[in-house]
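Residue numbers (our numbering): 37 to 109.
Here's the structure, in structure tokens; my notes come after.
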Ligand code: FES
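This is the structure:
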């Protein structure tokens, strides 16, 4: 199983990465534009990972990894 989109909005990490690269949108701007990370917030570590690595298809993260990613946001 992989994680490729925000389950609350349906926006894909591929689209988020495209907006980030094409328009230089920050995480806050991406949230405002797409609604990602604004519902249950479970996708936020995956979005951050997408922006940092350019990878849009992620394995399910462990709670420890999520805490590490969010702690360094
Ligand atoms: S999965 Fe993205 S806000 Fe819920």
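Every residue gets a Cβ at the ideal spot worked out from N, C-alpha and C, and that includes glycine.
- The DSSP-derived three-state label of residue 39 is strand.
- According to DSSP, residue pairing for residue 81 in a beta bridge does not occur.
- Taking 7 Å as the cut-off, the C-beta of residue 46 does not count as close to any heavy atom of the ligand FES.
- If you check the C-beta of residue 77 against the ligand FES, you find a heavy atom less than 7 Å away.
- Within the same chain, and ignoring the five residues on either side of residue 86 in sequence, the residues whose Cβ sits closer than 7 Å to its Cβ are 49, 52, 53 and 92.
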